[in-house]
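Everything below concerns the one structure shown next.
Protein chains: 2
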Amino acid sequence: MKSDEIAKLAGVSRSTVSRVLNHYTNVPEATRVKVQNVIDQYGYTPNQAARALAGTANDIIELVIADIDSTRDSSLFRGASSPYFLETIYFMINAAKEKGLMVLVNVITNPKDFNKIRVNFQTKMIKAGIIIGFPYGNSDVTNWVASGYNVIAVDNFTRDEISIHNAKAINSDNFEGGKMATSYLISKGHKKIGFIEGDSRLSAIERKNGYLSAMNEAGYPIMPNTMIKANYNEEMAYTETKKLLKSADITALFCSNDIMAMGAIKAIEEEGLRVPEDISIVGFDNHDFSKFIKHKITSVYIDLEEVAKKCVDSVFEEPPFIKFCIPKISEGTSTKAI
Amino acid sequence: MKSDEIAKLAGVSRSTVSRVLNHYTNVPEATRVKVQNVIDQYGYTPNQAARALAGTANDIIELVIADIDSTRDSSLFRGASSPYFLETIYFMINAAKEKGLMVLVNVITNPKDFNKIRVNFQTKMIKAGIIIGFPYGNSDVTNWVASGYNVIAVDNFTRDEISIHNAKAINSDNFEGGKMATSYLISKGHKKIGFIEGDSRLSAIERKNGYLSAMNEAGYPIMPNTMIKANYNEEMAYTETKKLLKSADITALFCSNDIMAMGAIKAIEEEGLRVPEDISIVGFDNHDFSKFIKHKITSVYIDLEEVAKKCVDSVFEEPPFIKFCIPKISEGTSTKAI
DNA sequence: CTGAAAGCGCTTACAG
DNA sequence: CTGAAAGCGCTTACAG
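Chains as they are written, first to last, in the working numbering: chain A, 1 to 338; chain B, 339 to 676.
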């Protein structure tokens, strides 16, 4: 079934069928209804390739995921197979579906894959793109966003002046997240709050700055040896926390992610201390797995469904902009007021 | 950049460029190289919409996931958001990428969504399709597979004669899985082996039949009250196992999935028995979460990466066929020889 | 082996 | 408001 058959059946020209299909305003209601009825009756769907070739973009949104770093330093989950990406893909698919868009998933393992992607946009095969998983400031990403296509980036633009003027982005507010975790502990009466830093990426640093900011605003000094670094690694968090416990005096510990919180809890309990009675723990990410251990970890997290929705909703808006997703907190049993 | 520009630069016609692009055999090597060089040099990628319109299918494989049952009976995970689907999506994407295909994900929530999908195939927008998550024997699936497009179904065709003659499918061998789990326990010296059934779907029944078959082949009778049913539900498995322990005498228990194994272990330990010293446990699915509890559960599982690869590799083969994925076993600490 | 030309099924200025 | 016609960028019989 093609448009000229619909045209014949409706007693109009192909042009008019096309106008109805594309919601032109200069079609009288009576004509519109007549044509639409025939379309519905025969379940006509226009040839997407022909539409694209003639200039109307397809209802497809391309999700571009970087999996270039997959061999990088240790961590329990990494790359496009991490729960983070899997969930993000899922939420993107749902959010897109709500807008009548389908999702084409493209895992990039090589920077030259960008060529193909660009062509998809030029040729209207794809209406919009969401790009995720590249390190902050990646130039392929910034260039692509600057190209004028409907492309939005997740966690790729920094907050500096230059970035902001070229950005079209959804960012997780890791600074606010770090602050939120720390303030939560402060609100429970804690003053001697330790911190485990992740790695050296911007998001990790922002979480640390959030911690420092909350402590500073509360007027609490950072005591000696209360800040350690464990590269988002459980094992390293375990080792470093053991050292921390011997040299510092804390009643609470903010771990930049839940994986490290697992290591920290193990170290704490091995030292004969209890969570949360002796030391309260706040993590980051709100991973499912803490359902299965003794302590459901109190954890700050980014709502990935919100990120996905914001992306799909904002991808057709005019840049520049950076929209932030404010983290949320999930209260578990690993924290206690003092 | 379009094909006539490439043609001009290479000193040939558009026809020849097209022939090179499509790997026609009647192009002399010298010509091929000459044209290919220009293509590479300019990073030319053909317009996919034009190709599709002219008759060459796009390098896109559509993954069609059913999320119609999402409100069905209780279970920890269900619908397209389950780890099962998330991982499957990921492996499909990887397997497709290896063959130079991209994946368009389409979550179906309404049977009429099939219309749009069919059009994508008719119009060559999509080269192949993988359909997953529908109940066994779903007629939309069987019809679509029968339509002659490159479409393959996962776990949708039963083994009966009629199905087999119309099938193009990859199936998990749940019967073999049930047998494998039970035989594993038998090989460890167990004779009094209990069983927890999932729900009433074919896959659950097949696992049960595998159990019965293994017991039968070993010549062990099914003792009274050793088979219970818990609908893949942790809570229910907990309750039913409590009853089982009071009325039956077992040294091992095969749980049709890991979720139920969790409930069973809880019940066993509450009754003052130990896993695996008093009762060995084998689960099904090999879920990650058992990493985080006391017992890494010995578990039979389907290798989803294998399923994904088989799908992508077989989708262009001629039907009818059903290929089976034989489960694997992951040995944990929940089993012990007697 | 290769080019000129028709055709794929739409959209959209253009003319009325 | 609406139709005839050109054009989107390829592929592929057809003729040579």
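By construction, the Cβ of each residue, glycine as well, lies at the ideal position given by its N, Cα and C atoms.
Which one of the options has the shortest CA to CA distance from residue i?
{"i": "His190(A)", "options": "Leu21(A), Pro28(A) and Met215(A)", "result": "Met215(A)"}
{"i": "Gly395(B)", "options": "Val358(B), Gln386(B) and Val365(B)", "result": "Residue identity differs from the one stated: residue 395(B) is Ala in this sequence, not Gly. The shortest Cα separation from Ala395(B) among Val358(B), Gln386(B) and Val365(B) belongs to Gln386(B)."}
{"i": "Ala491(B)", "options": "Ala542(B), Ile640(B) and Ala404(B)", "result": "Ala404(B)"}
{"i": "Ser299(A)", "options": "Pro224(A), Ala96(A) and Arg207(A)", "result": "Arg207(A)"}
{"i": "Leu550(B)", "options": "Val402(B), Asn512(B) and Ala575(B)", "result": "Asn512(B)"}
{"i": "Val141(A)", "options": "Pro111(A), Met125(A), Ile268(A) and Val119(A)", "result": "Pro111(A)"}
{"i": "Leu245(A)", "options": "Lys323(A), Gly55(A), Met260(A) and Ala267(A)", "result": "Ala267(A)"}
{"i": "Val457(B)", "options": "Met440(B), Val441(B), Tyr487(B) and Thr447(B)", "result": "Tyr487(B)"}
{"i": "Met561(B)", "options": "Asn375(B), Glu514(B) and Ser585(B)", "result": "Ser585(B)"}
{"i": "Leu21(A)", "options": "Ile329(A), Ser3(A) and Leu9(A)", "result": "Ser3(A)"}
In whole angstroms, give me the CA-to-CA distance for residue i and residue j.
{"i": "Ile186(A)", "j": "Ala218(A)", "result": "8 Å"}
{"i": "Val33(A)", "j": "Arg19(A)", "result": "12 Å"}
{"i": "Arg159(A)", "j": "Asn138(A)", "result": "14 Å"}
{"i": "Ile60(A)", "j": "Lys127(A)", "result": "6 Å"}
{"i": "Phe284(A)", "j": "Gly194(A)", "result": "14 Å"}
{"i": "Phe659(B)", "j": "Lys310(A)", "result": "44 Å"}
{"i": "Val17(A)", "j": "Asp493(B)", "result": "41 Å"}
{"i": "Ala590(B)", "j": "Arg539(B)", "result": "24 Å"}
{"i": "Val275(A)", "j": "Ser334(A)", "result": "6 Å"}
{"i": "Thr88(A)", "j": "Val445(B)", "result": "15 Å"}
{"i": "Arg416(B)", "j": "Asp451(B)", "result": "Low per-residue confidence applies at Arg416(B): pLDDT is 41, beneath 50, and the placement is therefore not dependable enough to give any value."}
{"i": "Thr182(A)", "j": "Lys188(A)", "result": "10 Å"}
{"i": "Ala230(A)", "j": "Cys325(A)", "result": "25 Å"}
{"i": "Ile131(A)", "j": "Asn171(A)", "result": "12 Å"}
{"i": "Ile250(A)", "j": "Lys192(A)", "result": "5 Å"}
{"i": "Gly133(A)", "j": "Val145(A)", "result": "15 Å"}
{"i": "Val489(B)", "j": "Leu442(B)", "result": "14 Å"}
{"i": "Asp626(B)", "j": "Ile635(B)", "result": "10 Å"}
{"i": "Val376(B)", "j": "Glu367(B)", "result": "14 Å"}
{"i": "Asn143(A)", "j": "Met125(A)", "result": "20 Å"}
{"i": "Lys580(B)", "j": "Lys674(B)", "result": "21 Å"}
{"i": "Thr31(A)", "j": "Ser652(B)", "result": "47 Å"}
Which term fits residue i, buried or exposed, when burial requires 16 or more other beta carbons within 10 angstroms of its beta carbon?
{"i": "Lys632(B)", "result": "exposed"}
{"i": "Asn691(B)", "result": "Outside the shown range of chain B, which is 339 to 676, sits residue 691(B), and nothing can be said about it."}
{"i": "Glu499(B)", "result": "exposed"}
{"i": "Leu273(A)", "result": "exposed"}
{"i": "Thr71(A)", "result": "Confidence is the limiting factor: at Thr71(A) the pLDDT is only 44, short of 50, which leaves the residue's position unreliable and the question unanswerable from this model."}
{"i": "Thr25(A)", "result": "exposed"}
{"i": "Gly438(B)", "result": "exposed"}
{"i": "Glu270(A)", "result": "exposed"}
{"i": "Ser485(B)", "result": "exposed"}
{"i": "Tyr42(A)", "result": "exposed"}
{"i": "Glu355(A)", "result": "The structure shown does not extend to residue 355(A), since chain A is modelled only from 1 through 338, so no value can be given for it."}
{"i": "Pro384(B)", "result": "buried"}
{"i": "Phe91(A)", "result": "buried"}
{"i": "Ala507(B)", "result": "buried"}
{"i": "Pro665(B)", "result": "buried"}
{"i": "Ala433(B)", "result": "buried"}
{"i": "Phe592(B)", "result": "buried"}
{"i": "Ile228(A)", "result": "buried"}
{"i": "Glu400(B)", "result": "buried"}
{"i": "Gly332(A)", "result": "buried"}
{"i": "Ala392(B)", "result": "exposed"}
{"i": "Gly467(B)", "result": "buried"}
{"i": "Gly601(B)", "result": "buried"}
{"i": "Phe316(A)", "result": "exposed"}
{"i": "Asn257(A)", "result": "buried"}
{"i": "Glu318(A)", "result": "exposed"}
{"i": "Gly210(A)", "result": "buried"}
{"i": "Gly349(B)", "result": "exposed"}
{"i": "Ile597(B)", "result": "buried"}
{"i": "Lys8(A)", "result": "exposed"}
Determine which residues share a DSSP beta bridge with residue i and list them.
{"i": "Ile399(B)", "result": "Val441(B) and Ala466(B)"}
{"i": "Phe195(A)", "result": "Met227(A) and Phe254(A)"}
{"i": "Ala66(A)", "result": "Ile108(A)"}
{"i": "Lys328(A)", "result": "Tyr301(A)"}
Please give the ranges of any beta strand (DSSP E) in the region 579–664 of chain B, keeping only runs that are unbroken, at least 3 residues long and fully inside the region.
Taking 3 residues as the shortest admissible run, the region 579–664 of chain B contains the following complete beta strand (DSSP E) segments, listed from N- to C-terminal end: 590–593, 618–622, 636–639 and 659–663.
Exercise. Which parts of the region 485–525 of chain B are runs of the beta strand (DSSP E), unbroken and 3 residues or longer, counting only runs that do not cross its ends?
Worked result: 489–492 and 506–510
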